[in-house]
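A.B. asks:
Protein chains: 2
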Amino acid sequence: MTPADPATRADASADDRALGERRAAILEAVVSQYIGSAEPVGSSHVANAPGVQVSSATVRSEMVALERDGYLVQPHTSAGRIPTDKGYRFFVDHLTGPGVLGPVQRRQVAQFFDQVHGEIETVLERATGLLSELTTYAAVVVGPSHETATIRSVQLVGLSPLHALVVVVLSDGAVEKRTIDLENEAAGEYLAAAGAHLDAHLVGRTLKGPGTAPPSSSRPVDDLVTASLGALDSMGGDIDADQVFVGGPARLAESFEAVETVRSVLTILEQQLVVVSLLRDVLNRGLSVAIGTEHGFEPLSSCAVVVAPVTVDGQDFGAVGLLGPTRMDYPRTMAAVHVVGERLGERLAGGHDGGH
Amino acid sequence: MTPADPATRADASADDRALGERRAAILEAVVSQYIGSAEPVGSSHVANAPGVQVSSATVRSEMVALERDGYLVQPHTSAGRIPTDKGYRFFVDHLTGPGVLGPVQRRQVAQFFDQVHGEIETVLERATGLLSELTTYAAVVVGPSHETATIRSVQLVGLSPLHALVVVVLSDGAVEKRTIDLENEAAGEYLAAAGAHLDAHLVGRTLKGPGTAPPSSSRPVDDLVTASLGALDSMGGDIDADQVFVGGPARLAESFEAVETVRSVLTILEQQLVVVSLLRDVLNRGLSVAIGTEHGFEPLSSCAVVVAPVTVDGQDFGAVGLLGPTRMDYPRTMAAVHVVGERLGERLAGGHDGGH
DNA sequence: CGCTGGCACTCGGTAAACTTGAGTGCCAGG
DNA sequence: CCTGGCACTCAAGTTTACCGAGTGCCAGCG
Chain L
0 MTPADPATRA DASADDRALG ERRAAILEAV VSQYIGSAEP VGSSHVANAP
50 GVQVSSATVR SEMVALERDG YLVQPHTSAG RIPTDKGYRF FVDHLTGPGV
100 LGPVQRRQVA QFFDQVHGEI ETVLERATGL LSELTTYAAV VVGPSHETAT
150 IRSVQLVGLS PLHALVVVVL SDGAVEKRTI DLENEAAGEY LAAAGAHLDA
200 HLVGRTLKGP GTAPPSSSRP VDDLVTASLG ALDSMGGDID ADQVFVGGPA
250 RLAESFEAVE TVRSVLTILE QQLVVVSLLR DVLNRGLSVA IGTEHGFEPL
300 SSCAVVVAPV TVDGQDFGAV GLLGPTRMDY PRTMAAVHVV GERLGERLAG
350 GHDGGH
Chain S
0 MTPADPATRA DASADDRALG ERRAAILEAV VSQYIGSAEP VGSSHVANAP
50 GVQVSSATVR SEMVALERDG YLVQPHTSAG RIPTDKGYRF FVDHLTGPGV
100 LGPVQRRQVA QFFDQVHGEI ETVLERATGL LSELTTYAAV VVGPSHETAT
150 IRSVQLVGLS PLHALVVVVL SDGAVEKRTI DLENEAAGEY LAAAGAHLDA
200 HLVGRTLKGP GTAPPSSSRP VDDLVTASLG ALDSMGGDID ADQVFVGGPA
250 RLAESFEAVE TVRSVLTILE QQLVVVSLLR DVLNRGLSVA IGTEHGFEPL
300 SSCAVVVAPV TVDGQDFGAV GLLGPTRMDY PRTMAAVHVV GERLGERLAG
350 GHDGGH
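Line by line, the protein sequences are chains L and S. The first sequence begins at 0 in numbering that gives the first Met the number 0 and counts up by one. The second sequence begins at 0 in numbering that gives the first Met the number 0 and counts up by one.
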C-alpha cells in the first residue's frame with residue numbers, strides 16, 4: 000500500500016515479503032499438497048517441504064498467522080489446514096507460474112491441431128474435448144457473436160412447391176437460414192428474382208439493422224421480398240447469441256464429492272448465457288483465474304474458473320475456459336488453457352482448411 | 000408358450016392370469032410404491048392397496064412366489080421387496096397404460112408448441128428442454144440424418160480476398176458450408192461463374208455420391224470447381240451423422256444416488272453416436288421402453304429408456320427419448336414422450352413458421 | 001382349502017460408549 | 001527465534017446394544 004519502504008525489491012518479491020518469505024513457502028506447500036490429496040494438511044507434512052525446513056512446531060505457529068490473515072482455515076480444531084479462496088489466490092498470483100505441460104499432453108495438443116479440420120464450429124467443439132481431456136475438468140469455449148458481421152449474400156432456394164429457404168451468408172463465414180412459406184405454387188418462379196433483388200440491396204448491411212424494404216419490381220417478387228425480410232428480421236435474435244461449446248461435463252461428477260454440487264454446476268453449464276457472461280466478466284476484469292466467490296456466481300462458489308482469451312490476428316475472437324473445483328491443479332490447468340487458447344487463435348488465423 | 004389352454008381369454012388377460020390376478024395386483028402395488036418412495040416395499044404396505052385387500056401374511060406368501068419367478072428381489076433378508084427389471088417390464092406391459100398428463104403439464108406442452116418457432120434444429124433443441132422439464136429426467140431428441148437428401152443449390156460466396164465459402168442447400172432444408180482457400184486474389188472474380196457451374200451440374204444429386212467433376216469452361220473457374228468439389232466431398236462425413244440434442248443432463252444428478260453412476264451415464268450422453276444407436280435399436284425392436292439390461296448397454300444397466308418415434312407425413316423422421324432410473328415413473332414418462340413425439344411430428348409437418 | 005393372526009427370527013440402521021491418532025497450542029530451554 | 005516436549009482436542013473408526021420393519025412358518029378359523 001505504501002511502497003515508500005526502501006527495502007522493497009521487485010514487485011512480486013515485495014508481495015512475497017508482505018507475507019513473509021517462509022510463510023509463503025508454507026502456504027505453497029499447503030496448497031500443493033491439498034490439491035494433490037484433497038485432505039487437510041498438517042504441520043508435520045509441511046515441515047520437510049523444500050523451502051521450509053523448519054520444525055513442525057514452527058510451521059504451526061506460522062500457520063496460526065496464515066489462518067489469522069485469512070489464507071488458511073481449519074475444518075475443525077485438531078485438523079490440518081485447508082487453503083481459503085484467498086490462499087489459492089495468493090498461490091496463483093505469486094507462488095506459481097502457468098506451469099508447463101507434460102510431454103504426453105504436449106503431444107496430445109500437437110496431434111489435435113495436426114488432425115483437426117473442418118469449419119470453425121467443429122474446431123471449437125472439438126477443442127472443448129481436448130481441453131477437458133488435458134485437464135480432467137469441464138471445458139468451455141466461447142466463439143464470437145456475429146453481431147457486427149455484415150451480409151455477404153442472400154439467396155432464396157425452393158424446397159417444395161410451398162416452401163423456400165432464405166440463406167444468408169455473413170462476412171465472418173457464418174450462415175443463417177429460415178424457412179418461409181410461399182403464397183402459392185406459382186411463387187416459386189420468382190424465387191431467383193427475389194433472391195437477386197434482396198442480395199443486391201442487402202449485401203454490406205448488418206443483420207441487426209432494421210430490415211429496410213428496398214424498392215420493388217413486380218408484385219409476386221415483392222411478396223417474396225417482404226416474407227424474406229421478415230425471416231431476416233428473426234435472425235437478428237439468434238445472431239447476437241454467442242456460440243458456446245461445453246466439453247466433458249461428465250468430469251464434473253469426478254471433481255466434486257457432493258451430488259448436490261454436481262447438479263447445480265451442471266445446471267449452470269446448461270445456461271449458455273450465464274456461462275458466456277461469466278467468462279467475459281472474468282476476462283474483462285483482466286483476470287485469468289477466478290476462484291470461489293470471486294466471480295460472484297453463488298452456485299459456483301466451490302468452483303474455480305480459468306480463462307484465456309482467443310485472439311485472431313489481434314482481434315478479440317472469444318475465450319477458452321475451464322471449470323473445476325477450487326482445489327484444482329492451477330499450474331497445469333493454466334498451462335493447458337493458455338496453450339490451447341493461443342494455438343486456437345493461430346489455427347483460426349491460418350489456413351481454414353489445414354491441408355491434412 | 001402353449002396357448003392351447005381352453006381357459007385362455009383375451010391375450011393381455013391371459014398374461015395377467017399367467018401370473019395370477021392377485022399377484023399382478025401385488026406386483027403393481029410394489030412397483031408403484033417403490034417408484035414413489037425409492038424404498039423397499041414391505042408386505043403390510045401392500046395389503047391395503049386397492050385390488051389386493053388381503054392380509055399381509057397372504058401378501059407375503061405371494062411375494063415369495065413373485066420372487067421365485069424373478070419379478071421381485073429382497074436387498075437382504077428382513078427387508079421389503081424391490082422390483083427387478085422383469086418386474087418393471089411386466090408392470091409396463093400389462094399393468095399400466097401410457098398414463099395421462101396432468102393439467103399443468105398439458106398446458107406446458109400446449110404453450111410450448113404455441114410459442115416455439117424458428118428452424119427445425121431450434122425446435123428439436125428446445126423440445127429436449129420441454130421433455131426434461133415435464134419428466135424431471137434427461138431427454139434426447141434425434142433428428143434425421145441428411146443422408147438421402149439431394150442438393151438443391153450450390154453457391155460460392157467470397158469472404159475475403161483469399162477465402163470463399165461453399166454453401167450447399169439440401170432438399171430437406173439443411174445447409175452445409177465449407178471454407179476454401181483461393182489461389183490468388185484474381186480468383187474472386189470467377190466465384191459467381193464457378194458457383195453457377197456447380198449448381199447447374201450438382202442439383203438433384205446426393206452429397207454422398209462421389210464428387211463427379213463436370214466439364215469445364217475456363218481455367219480459373221475450373222480451379223474453383225475442383226476446390227469446391229473437394230469441400231463437397233468432405234461434407235459427406237458430417238452429413239450422415241444424425242442430429243442429436245440432449246436436454247437436462249443435470250437432472251441425472253437428481254435421479255441417481257451414486258456419483259459413479261451419474262458420471263458414467265453422463266459420459267454415455269456425451270457420445271452422441273452411442274445415444275443414437277441406442278434409441279434406434281430400441282425402436283427397431285418395436286419397443287417403446289427398454290429397462291435396465293434390455294438394451295444391452297452395460298453402463299446404462301441402472302437406467303430405463305423410453306422412446307417414441309417421430310413421423311412427419313408418415314415418413315420416419317427421428318425419435319424422442321428419455322433416460323431415467325429404472326425406477327422411473329413409467330406412466331407419466333411414457334405419456335410425456337408420446338405426446339411430445341406426436342406433436343413434434345405434427346408441428347414439423349405443418350407450417351414451418353408458426354404465425355407468431 | 002385358502003386365508004388369517006400369531007409368533008419367533010433376521011438383520012440393517014441408529015445410537016451410545018469407547019478408542020485411536022493426527023494434529024494443535026503452548027511453553028520452557030537451547 | 002527455533003525446537004522438542006507435553007497436554008489437549010476432536011473427527012473418525014470400532015464395538016456393543018437396541019430397535020423395529022419385515023420375513024417365514026404354522027396352527028386354527030371360516
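For glycine and all other residues, C-beta sits at the position ideal for the given N, C-alpha and C. Note that the structure is a prediction, hence the values are computed from the model and not measured.
In whole angstroms, what separates the C-alpha of S/Val-99 from that of L/Gly-86?
C.D. replies: One-based indexing of the second sequence puts residue 99 of chain S at position 100. One-based indexing of the first sequence puts residue 86 of chain L at position 87. S/Val-99 and L/Gly-86: Cα-Cα distance of roughly 55 angstroms.
A.B. asks: So who's on the other strand from S/Ala-138, going by DSSP bridges?
C.D. replies: The residue given as residue 138 of chain S occupies position 139 in the second sequence. Bridge partners of S/Ala-138: S/Gly-246, S/Leu-321.
A.B. asks: Quick one, which of L/Leu-181, L/Arg-262, L/Gly-313 has its alpha-carbon nearest L/Thr-225's?
C.D. replies: For the purposes of this step, residue 225 of chain L is taken as residue 226 along the first sequence, with counting starting at 1. Residue L/Leu-181 is the option with its Cα nearest to L/Thr-225.
A.B. asks: So, do the segment 127-139 of chain S and the segment 305-321 of chain S have three or more beta carbon pairs nearer to each other than 8 angstroms?
C.D. replies: In short, these stretches touch, since the Cβ pair count reaches three.
A.B. asks: In terms of residues, what are the limits of the alpha helix (DSSP H) holding L/Gly-235?
C.D. replies: As a working note, residue 235 of chain L is residue 236 in the first sequence. First-last of the alpha helix (DSSP H) with L/Gly-235: 218-238.
A.B. asks: Say whether chain L places a C-beta atom closer than 9 angstroms to the C-beta of S/Asp-239.
C.D. replies: Against the second sequence, residue 239 of chain S aligns to sequence position 240. Output row for S/Asp-239: interface = no.
A.B. asks: Please return the same chain residues whose Cβ sits closer than 6 angstroms to the Cβ of L/Gly-79, not counting the five positions on each side in sequence.
C.D. replies: Here the question's residue 79 of chain L lines up with position 80 in the first sequence. So the qualifying residues of the chain are Pro-39, Val-40, Gly-41.
A.B. asks: Taking L/Leu-270 as the query, report the chain S residues whose CB atoms sit under 7 angstroms from its CB, ordered along the chain.
C.D. replies: Translated into the one-based positions of the first sequence, residue 270 of chain L becomes position 271. In the sequence on display, residue 270 of chain L carries Gln and not Leu. Those do not exist, as L/Gln-270 stays about 10 angstroms from chain S at its closest Cβ, beyond 7 angstroms.
A.B. asks: Applying the 10 Å Cβ sphere with the 16-neighbour rule, what's the burial state of S/Gly-360?
C.D. replies: This structure cannot speak to residue 360 of chain S, because chain S is shown only from 0 to 355.
A.B. asks: Distance cutoff 9 angstroms, beta carbons only. Does L/Val-258 sit that close to anything in chain S?
C.D. replies: The residue you call residue 258 of chain L lines up with position 259 of the first sequence. Judged by the 9 angstroms Cβ criterion, L/Val-258 is in contact with chain S.
A.B. asks: Below 8 angstroms on the Cβ atoms is my guess for S/Leu-251 versus S/Val-243; work out the distance and round it to an integer in Å.
C.D. replies: Indexing the second sequence from 1 puts residue 251 of chain S at position 252. Indexing the second sequence from 1 puts residue 243 of chain S at position 244. Not confirmed; about 16 angstroms, so no contact.
A.B. asks: Can you give me the start and stop residues for the beta strand (DSSP E) that L/Ser-159 sits inside?
C.D. replies: The residue given as residue 159 of chain L occupies position 160 in the first sequence. That run of the beta strand (DSSP E) goes 150-159.
A.B. asks: Use the C-beta contact count for S/Leu-272: other C-beta atoms within 10 angstroms, 16 or more gives buried, fewer gives exposed.
C.D. replies: For this step, residue 272 of chain S is matched to residue 273 along the second sequence. Burial call: exposed.
A.B. asks: Taking Cβ positions, are L/Val-156 and L/Val-168 nearer each other than 9 angstroms?
C.D. replies: Numbered from 1 along the first sequence, position 157 holds the residue referred to as residue 156 of chain L. Numbered from 1 along the first sequence, position 169 holds the residue referred to as residue 168 of chain L. Their beta carbons are not under 9 angstroms apart, which means L/Val-156 does not touch L/Val-168 by this criterion.
A.B. asks: Could you give the DSSP three-state label for S/Gly-122: helix, strand or coil?
C.D. replies: In the second sequence, the residue the question calls residue 122 of chain S occupies position 123. Here residue 122 of chain S is Val; the residue named in the question, Gly, does not match the sequence. Residue state, collapsed to three classes: helix.
A.B. asks: What are the residues of the segment 168-197 of chain L that lie near chain S, defined by any Cβ-Cβ distance shorter than 7 angstroms?
C.D. replies: The residues in question are Val-168, Ser-170, Gly-172, Val-174, Lys-176, Arg-177, Thr-178, Ile-179, Asp-180.
A.B. asks: When DSSP labels each residue in this structure, what does L/Arg-279 get in the three-state scheme?
C.D. replies: The count along the first sequence starts at 1 and reaches residue 279 of chain L at position 280. Helix at L/Arg-279.
A.B. asks: Taking a cut of 8 angstroms between CB atoms, which residues from the segment 152-163 of chain L lie near chain S?
C.D. replies: Cβ contacts with chain S come from Ser-152, Gln-154, Val-156, Gly-157, Leu-158, His-162.
A.B. asks: Please check if any C-beta of chain L sits within less than 9 angstroms of the C-beta of S/Arg-106.
C.D. replies: Within the second sequence, residue 106 of chain S is the residue found at index 107, counting from 1. Output row for S/Arg-106: interface = no.
A.B. asks: With 16 other CB atoms within 10 Å as the buried threshold, where does L/Pro-248 fall?
C.D. replies: Sequence index remark: in the first sequence, residue 248 of chain L carries index 249 (1-based). Counting Cβ neighbours within 10 Å, L/Pro-248 comes out buried, since at least 16 surround it.
A.B. asks: Which of the three DSSP states is assigned to L/Val-359 in this structure?
C.D. replies: Lying before the first or after the last residue shown, residue 359 of chain L is absent from chain L, which here runs from 0 to 355.
A.B. asks: Determine the direct distance from the alpha carbon of S/Pro-308 to that of S/Gln-314, and round the result to whole angstroms.
C.D. replies: For the purposes of this step, residue 314 of chain S is identified with residue 315 of the second sequence, where counting begins at 1. For the purposes of this step, residue 308 of chain S is identified with residue 309 of the second sequence, where counting begins at 1. Going by the C-alpha atoms only, they are around 10 angstroms apart.
A.B. asks: Where does S/Pro-74 land, buried or exposed, given buried means 16+ other C-beta within 10 angstroms?
C.D. replies: Taking the second sequence and counting its residues from 1, one reaches residue 74 of chain S at position 75. Exposed: under 16 other Cβ atoms inside 10 Å.
A.B. asks: For a contact defined as C-beta to C-beta under 7 angstroms, what are the partners of S/Thr-266 on chain L?
C.D. replies: For the purposes of this step, residue 266 of chain S is identified with residue 267 of the second sequence, where counting begins at 1. Neighbours of S/Thr-266 on chain L, chain order: Ala-249.
A.B. asks: What residues in the segment 27-39 of chain S have a beta carbon less than 9 angstroms from any beta carbon of chain L?
C.D. replies: From the segment 27-39 of chain S, no residue has a Cβ closer than 9 angstroms to chain L.
A.B. asks: Residues of chain S with CB under 7 angstroms from L/Ala-252, in chain order?
C.D. replies: Taking the first sequence and counting its residues from 1, one reaches residue 252 of chain L at position 253. Result: Val-258, Val-261, Arg-262, Leu-265.
A.B. asks: When the cut-off is 9 angstroms and only beta carbons count, does S/Ala-64 lie next to chain L?
C.D. replies: Position 65 of the second sequence, counted from the first residue, corresponds to residue 64 of chain S. No, S/Ala-64 does not count as interfacial toward chain L.
A.B. asks: Just to confirm, is the Cβ distance from S/Val-281 to S/Asp-241 under 9 angstroms?
C.D. replies: Position 282 of the second sequence, counted from the start, is the residue given in the question as residue 281 of chain S. Position 242 of the second sequence, counted from the start, is the residue given in the question as residue 241 of chain S. Contact: no.
A.B. asks: Measuring only between beta-carbons, confirm whether L/Gly-117 sits less than 9 angstroms from chain S.
C.D. replies: Position 118 of the first sequence holds residue 117 of chain L. Yes, its Cβ sits closer than 9 angstroms to a Cβ of chain S.
A.B. asks: Would you grab the beta carbon distance between L/Gly-142 and L/Gly-317 for me? Rounded to a whole angstrom, and I think it's under 8 angstroms.
C.D. replies: Stepping through the first sequence from its first residue, residue 142 of chain L is reached at position 143. Stepping through the first sequence from its first residue, residue 317 of chain L is reached at position 318. The Cβ separation is near 5 angstroms, so the contact holds.
A.B. asks: Looking at C-alpha atoms only, which residue of L/Ala-185, L/Ser-131, L/Val-202 is the closest neighbour of S/Leu-158?
C.D. replies: Locating residue 158 of chain S in the second sequence gives position 159, counting from the first residue. Among L/Ala-185, L/Ser-131, L/Val-202, the Cα nearest to that of S/Leu-158 belongs to L/Val-202.
A.B. asks: Please state the DSSP three-state secondary structure of S/Arg-346.
C.D. replies: As a first step, residue 346 of chain S is located in the second sequence; it is residue number 347 there, counting from the start. Helix at S/Arg-346.
A.B. asks: Candidates S/Leu-190, S/Arg-105, S/Asp-222, S/Arg-177: which alpha carbon is nearest S/Pro-160's?
C.D. replies: Taking the first residue of the second sequence as position 1, residue 160 of chain S is located at position 161. Considering only alpha carbons, the answer is S/Leu-190.
A.B. asks: For chain S, find out if any of its Cβ atoms is closer than 9 angstroms to the Cβ of L/Val-309; answer yes or no.
C.D. replies: The sequence position of residue 309 of chain L within the first sequence is 310, counting from 1. Not one chain S Cβ lies under 9 angstroms of L/Val-309.
A.B. asks: I want to verify the contact list: residues of chain S whose CB lies under 7 angstroms from the CB of L/Val-99, in sequence order.
C.D. replies: For the purposes of this step, residue 99 of chain L is identified with residue 100 of the first sequence, where counting begins at 1. Result: empty, since nearest Cβ-Cβ is about 29 angstroms, beyond 7 angstroms.
A.B. asks: Starting from the Cα of L/Tyr-33, find the closest Cα among L/Leu-130, L/Leu-286, L/Ser-77, L/Pro-82 and give me that residue.
C.D. replies: The sequence position of residue 33 of chain L within the first sequence is 34, counting from 1. L/Tyr-33 has its Cα closest to that of L/Pro-82, out of L/Leu-130, L/Leu-286, L/Ser-77, L/Pro-82.
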